[in-house]
Every structure is written in structure tokens, then in C-alpha cells.
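For the record, in the sequence shown the residue sitting at position 414 is 414 according to the numbering used here, with numbers rising by one throughout.
Glycine is no exception: its CB is placed at the ideal position from the N, C-alpha and C atoms.
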Amino acid sequence: MFDHQKYIQFTPVGLKDRNWPNRLITKAPYWCSVDLRDGNQALVNPMNVDQKTKMFELLVKLGFKEIEIGFPSASKPDFDFTRKLIDERLIPDDITVQVLTQARKDLIDRTYDSLKGVKRAIVHLYNSTSNVQREQVFRISEGGILDIAKKGAKWVREASMKFPHTEWIFQYSPESFTGTDLDHAVAVCDSVVSEWKPETGRKVIINLPATVEMSTPNVFADQVEYFCKNLAQRDKITISLHTHNDRGCAVAAAELGILAGADRIEGTLLGNGERTGNMDIVTMAMNLYSQGIDPCLDLSDIVKIIEVVEDCTGIAIAPRHPWAGELVYTAFSGSHQDAIRKSMQYHKDNNQKIWNVAYLPIDPRDINRRYEAVVRINSQSGKGGVALVLERDFGIELPKWMHVRLAEIIQNAVEETGQEISPSSIYMLFEKHFIRVNEEWRLTDYNLKHSDKQVEAEFVINGIAMKCCGAGPLEALIEGLNRIFGYHTEITQFDQHAISSGSDAKAQACIELAVNGQMHCAVAIADDTLVAAIQSILTAFSRISPIKHRGVA
Ligand code: KIV
Ligand code: ZN
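Written out as C-alpha cells, the structure reads:
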């Protein structure tokens, strides 16, 4: 059954001298949200009035100026919702609502009834113009399709005259534009436009739907450029695009369509819509934002947007949804984590104004995502990532040589469970392996006597005194321990720094001892640097199992 020979390649437009590949997007298009119409029509459970109101309020808050609120002649809830918005004066002055209608007189009249009293509205007329529908569904000629559109346009204009107090804007969609012979699409739209007469100052929108996405986005861009170049009165008409996501390229098609001459984009928040969905306005707007272009939508609280969309649609947002998904600012790979850590530090150290951080195309905080989500640790993570978690979540900075030691322990733990590990579990393992003091090895007191070249020291460990001497206090301690236990111990790594400032300043010491050639690490935190250093040696020494402390004076 899986047989590609059932399908044929989409016929390209063959546009000569296309201009769109040499252009760049430099400003946001006019946005029109169709969440409350196309999005809503595609829901298992369409939104109730409360949900529609909540979605409408969100869209207004985000900055949409044009919002398609329903298909009132086809759906009683849409009719009632349209009335509610108008009767309860819920439409702000700068918002234009849009409603969809088929090209039938009774439906057009009912559409105007739903809009009675509105200050300004877009009446959106459509009929399918595609070859497949014309030949197989309606079984009529191209002339028949043109006739439906022209009559619909006439009824729309005539009915509007009964409501002179409203500012009417007319919109026409040759539905399934992508499957329509291009010259036919131009002819149908020209005929609709001639009925609406934009030359008299009337605002007219021609909306080109990729009702089904049928080709690569470059072919769609050719279709749009061809259409724009051949439409009469192009300069008096707003060209809008309405792409669906069947091939997963709805956003790309809309972007290239803008390059090809379109001015306006219809879509939904996070891409809800028929089949694979409508063009995702959040993605397209964030694409602009990440290029330094004002998207003219306020997407700064993506968490809230997701909450409302999920509540109103009943559809969960995928964790890897572009820009918005829960895992989008999370690095699992160790090398990514390491690069992010260094890059963020570089960014901070150099006080960079322009965001240019490895693996993070935007600063997650811009849209109410948090750095805590940037790094999670699993068995693929590297040493840098683990260290970053300790630093970020617990303020513990470790020297580089300790990253390796800690990472080994975390790696073993995640390999055992096969699961991701939480920051608190990382801290617990760190504490257990490096900080926790076996009471037998707790420094309770010390005395130092400095003479010319050496220090005579007395360390009281768990109440038992140990006398020793060396070039400095740490050397003395090592000398004492070696003498008592018969080991050969050397300090191979040592790092010490303050971990807070002011009156509650503490010192952190990290040590690596080679005891008879075997490495042991420990970390100690204390009120003063010397105590931290001494305790770190004792703690590292205590890890030499199974030797027990045999305190000898
Ligand atoms: O996808 C589509 O063609 C539509 C039209 C009604 C604009 O939603
Ligand atoms: Zn649609």
C-alpha cells in the first residue's frame, strides 16, 4: 500500500525573473488571528462562549488588530458570540472583527444581521476555486466558479449598504488557491475586486489560502508573486496569506509569501487548525523577533499564552514546539551545556548588548522562560553541565579539575537509573561524596606555633589531639597523617575561595589528595579559610575506606 507512484509532483509555476529570493523581511506583516474561526472549527470540542471570550481577550492583549471571530451564518454559537461582543461593547475601538461567509445571499444577509451595530468589520467571502473541487465536487466550469464569486461579491456589497453606520471592509478568499489554476485565480479575484471598487477608497483584502499545503514553499512564493504581478489594481488591495501546515512548512510558506509581495498574514496561536493546523503566528512572530524585527505582537508571556490556548482548545502544546515548547531552552547534550555555560559567561563578562549565545537563539527570559530550564542532566551530559547546575542552583563554584570528579559520580547515578537527574539530587550526591564529614574526622580545634622555617601544630580531631609539624599548617597535617597511618600522601590539587561576602562570608576549600597514588577529593566550607582547608584534608582522608581514624597524639 505504501506506494509513492500513486502521487505526482506539483507542477511548478515556472515564473521568470522572480524577485522574492533577493528580498528580506524587514517589518512585521499585518496579522489577523483566525483562532476563533478556523482554529475553533477544527476542535473536537469547539470553544464555549466563556472560552471564546477568554481567547478574544488574550488576542486583544497580544496586540492583534484584526480578529476573525467566527462564521455566524453557519453556527449559532458563532452568531451569539458575535452579538455578545457587539452588545456588550467588548470590541476595543482599534480592533476590527472579521467574520466568514459563503457566497450565498441568505447566508450573507444573516452575516450582516450578526454584525448589526458594529463600528467596523471585515466581511470575509469565500468559495472554492480549486481544479479538483470544480471538476469533482461542483462539476462546473471555470466560468461557473467565477459567477459564484462575482454574485457573492455583489450581495456582500449590496447588503452592506443597509448598514451605513458601519465601516465595512471586504475580503475575498479563492479557497484552495494553491490548487487553482493561477490565471483562473487572478480572473476570479479581478472580477470580485471590480465589484467592490477599491478605486473609490473602499478597503479590499484578497486572501490567498493554501487550504492544503501542496508544494515546497518556494513554489508557493512563485504563486504569490505571479498573482501579485498579474492582479489588476494591486496597489489598492491588501494581499493576505492563509497557509496550512500539511507539509510542515506553513510558516516558511508565509515568510516566503511575504517576500513575494503579500502584506498580511492569517494564522492561529501555536498553529491550531484543520488537520496539521494553520500557520503558527507565534512561530512566525518569534522568527521576526529573533532577527531584531519588532513583531508588533507582545509575546513576552509565552507561559500565559500556552495556558489560555491549551485551556480553550483542549490541545497540549508539544514540548519541542518552536520557541514555546517546554524543552526548547533545555540542553541535554554535555557539549551543548558546556558551550552554553561558557557563552553565557562571555556574554556577561563582555556586557554584550546583542544576544549571541551558543545554542540559545534568544534569551529565554524575553518570553518568560527561565534559565533553570536551560540545563538538565542525563547520561549524555558532560562535566560542564553538572557544574553549571551546582553553580546556578546552589551557588557552589567548583574548580575545573573537580568537574571531572563530580561528573563521574553523577554519570554513574544516571546510568543506574537510566533517567534524568534533578538539581537537588545532584546536590545530594555532591554533598554525600565530597562534603559530608564523618564525625570521627571533624576538626574540633587547632593550635599553631610558628618558628623560623616551620609550623608546630596541634590538631584536635573529634576530641583527639594530634601533634605534627611541617612547612605550613597543611603540610604539618599531612605529615601527621602519613606518620600515623603509614601512607604517602600528597596534595595534588587545591583551590580556595570566598563563597559569600560581608559579615557572613564563608570560605570554601577544594582538595585533591593522592594517597598512595590513589586520588581522593573533598570540599569543606567553614567560617575561615584555614579551617576550611584543614577540614577538606580530613574529609578527603576519611574517604580512604576501610581505614578508621586511629587518633594518636
Ligand atoms: O483554509 C482555508 O481555505 C480557509 C478559508 C475559508 C480562508 O480557512
Ligand atoms: Zn483555513
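Run through DSSP, which three-state label would residue i get?
i              : result
tyrosine 126   : strand
asparagine 182 : In the sequence as presented, asparagine is not what sits at residue 182; that position holds leucine. In this structure, leucine 182 counts as helix in the three-state DSSP scheme.
valine 204     : strand
valine 523     : strand
alanine 103    : coil
glycine 70     : strand
valine 531     : helix
alanine 318    : coil
alanine 187    : helix
methionine 55  : helix
threonine 96   : strand
aspartate 294  : coil
lysine 197     : coil
alanine 42     : coil
lysine 6       : helix
proline 12     : coil
valine 132     : helix
asparagine 278 : strand
alanine 254    : helix
aspartate 17   : coil
alanine 221    : helix
lysine 162     : coil
isoleucine 537 : helix
histidine 47   : The residue asked about is misnamed: residue 47 is methionine in this sequence, not histidine. Coil at methionine 47, not helix or strand.
arginine 110   : helix
To the nearest angstrom, how far is the alpha carbon of residue i from that of residue j?
i                 : j                 : result
threonine 211     : histidine 165     : 34 angstroms
glycine 257       : proline 92        : 30 angstroms
glutamate 408     : valine 414        : 10 angstroms
glycine 384       : isoleucine 435    : 20 angstroms
tyrosine 346      : glycine 395       : 19 angstroms
leucine 85        : histidine 336     : 49 angstroms
methionine 47     : alanine 187       : 37 angstroms
leucine 15        : valine 193        : 24 angstroms
alanine 262       : proline 295       : 16 angstroms
isoleucine 108    : glutamate 167     : 17 angstroms
threonine 238     : glycine 267       : 16 angstroms
histidine 305     : alanine 285       : Here the sequence assigns isoleucine to residue 305, which means histidine is not the residue at that position. The straight-line gap from Cα to Cα measures roughly 14 angstroms.
arginine 37       : glutamate 68      : 6 angstroms
asparagine 516    : phenylalanine 541 : 12 angstroms
lysine 348        : glutamate 213     : 44 angstroms
alanine 373       : aspartate 504     : Note that alanine 373 scores a pLDDT of 44, beneath 50, so its modelled location is shaky; the value from the coordinates is reported in the next line. Taking the straight line from one Cα to the other gives about 30 angstroms.
aspartate 80      : aspartate 106     : 18 angstroms
phenylalanine 459 : proline 423       : 36 angstroms
asparagine 218    : serine 425        : 49 angstroms
glutamate 225     : lysine 76         : 38 angstroms
glycine 551       : isoleucine 461    : In this predicted model, glycine 551 has a pLDDT of only 48, less than 50, meaning its place in the structure is not dependable; the value taken from the coordinates is given anyway. Between glycine 551 and isoleucine 461, the C-alpha separation is close to 8 angstroms.
leucine 390       : valine 60         : 42 angstroms
alanine 524       : valine 437        : 9 angstroms
arginine 264      : proline 12        : 24 angstroms
glutamate 479     : glutamine 508     : 23 angstroms
lysine 342        : proline 399       : 14 angstroms
glutamine 41      : glutamate 274     : 8 angstroms
tryptophan 441    : asparagine 482    : 15 angstroms
glutamate 142     : glutamine 136     : 13 angstroms
proline 546       : proline 322       : Bear in mind that the predicted position of proline 546 carries a pLDDT of just 49, short of 50, making it unreliable; the figure below should be weighed with that in mind. Using only the alpha carbons, I get a separation of about 53 angstroms.
leucine 259       : aspartate 235     : 16 angstroms
alanine 387       : isoleucine 410    : 11 angstroms
arginine 370      : aspartate 113     : 48 angstroms
Residues bridged to residue i by DSSP?
i              : result
threonine 243  : Ala210
arginine 264   : Tyr30 and Ser240
tyrosine 487   : According to DSSP, tyrosine 487 bridges with nothing at all.
isoleucine 169 : Ile122
isoleucine 544 : Paired residue(s): none; isoleucine 544 is not in a bridge.
cysteine 510   : Asp495 and Val523
glutamine 233  : DSSP output for glutamine 233 lists no bridge partner at all.
glutamate 431  : BP columns for glutamate 431 are empty, so no partner.
glutamine 554  : Any property of residue 554 remains undetermined from this structure, which presents the chain solely from 1 to 553.
proline 174    : Asn127
Those residues, in chain order, that have a beta-carbon closer than 7 angstroms to some heavy atom of the ligand HEM: Judged by which ligands are present, the ligand HEM is missing from the structure shown, whose ligands are the ligand KIV and the ligand ZN.
Runs of beta strand (DSSP E) wholly within the stretch 299-354 (minimum 3 residues, chain order): none
Minimum length 3: unbroken beta strand (DSSP E) runs contained in the stretch 352-422: none
Within the stretch 440-480, ranges of the alpha helix (DSSP H) (whole runs, at least 4 residues): Counting whole runs of 4 or more residues, the stretch 440-480 contains no alpha helix (DSSP H) stretch at all.
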